[in-house]
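Below: one structure, written as structure tokens.
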Amino acid sequence: MLWTLLGILLFLFMLYLLFVPLDIVINVAKNQYFVRIWGLAKVALEGHETEFLRLKLNTLFTRFYFYPLRKKKKEQKKKIDKKSGKRRNIQSNLKSGLQVLKSFKVKKLLVDIDTGDCIENAKLYPAFAFLNHHVGTFQVNFDGRVNMVLHLQSRPVNIIKSFINF
Numbered sequence: 045m046l047w048t049l050l051g052i053l054l055f056l057f058m059l060y061l062l063f064v065p066l067d068i069v070i071n072v073a074k075n076q077y078f079v080r081i082w083g084l085a086k087v088a089l090e091g092h093e094t095e096f097l098r099l100k101l102n103t104l105f106t107r108f109y110f111y112p113l114r115k116k117k118k119e120q121k122k123k124i125d126k127k128s129g130k131r132r133n134i135q136s137n138l139k140s141g142l143q144v145l146k147s148f149k150v151k152k153l154l155v156d157i158d159t160g161d162c163i164e165n166a167k168l169y170p171a172f173a174f175l176n177h178h179v180g181t182f183q184v185n186f187d188g189r190v191n192m193v194l195h196l197q198s199r200p201v202n203i204i205k206s207f208i209n210f
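So the sequence shown is numbered by our numbering: it starts at 45 and just counts up by one.
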């Protein structure tokens, strides 16, 4: 009875992991850059006083900080092996990367830009007006603001399907 209950709970948790939303958010105005798995973890990229950047990992009950640009104490030199099928590997990696990108849906896209030149802004205005009706929200301003918000969402099952269909 106990093993059956544990098996059912494990199955439900694995099912939850397949269908939980995975969000990627880039917000330049608020300096928010993060990847979030709803209810489990959030990895945010943020600045630091002494380091150039750090990664903050929030899990259910704890918070961890990682510094990816720190030099490791022991740097080991890796041997580079020349492969004849290098071109094929690059093409397959590019195709699989594009398939993974296609599995994401754009939830929000906002581009608010000022180039600093009124003539350039005037040239961008018709293109942004066209894109504003079809793709997302595009704006040209003359106030010096530069803002971009991009919110992508997918589910792990869609990412796995993109690898299988490759």
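Note that the Cβ used here is the ideal one computed from N, Cα and C, for glycine as well. Keep in mind the model is a prediction, meaning the values are calculated, not measured.
Next item on the list: Let me know if residue 42 comes out buried or exposed under the rule of 16 or more other beta-carbons within 10 Å of its beta-carbon.
Entry: Since the displayed the chain opens at 45 and closes at 210, residue 42 lies outside it and no answer follows.
Note to self: Using C-beta distances below 7 Å, list every residue in its chain close to residue 81, excluding the 5 sequence neighbours before and after it, in chain order.
What the structure shows: 64 and 66
Next item on the list: Please name the residue in 75, 88 and 58 whose C-alpha comes closest to that of residue 191.
Entry: 75
Item checked: Boundaries (first-last residue) of the beta strand (DSSP E) holding residue 164 -> Taken as a continuous stretch (DSSP letters only), residue 164 belongs to no beta strand (DSSP E), being part of the alpha helix (DSSP H) at 162 to 178.
Check: With 16 as the cutoff for other CB atoms within 10 Å, does residue 105 come out buried or exposed?
Finding: exposed
Check: For residue 204 versus residue 62, is the C-beta distance shorter than 9 Å?
Finding: yes
Next item on the list: Measure the alpha-carbon distance for residue 200 versus residue 59 and round it to whole angstroms.
Entry: 10 Å
Item checked: residue 218 - DSSP class collapsed to helix/strand/coil -> Here the chain covers residues 45 to 210 and nothing more, so residue 218 does not appear.
Item checked: According to DSSP, residues forming a beta bridge with residue 67 -> 80 and 197
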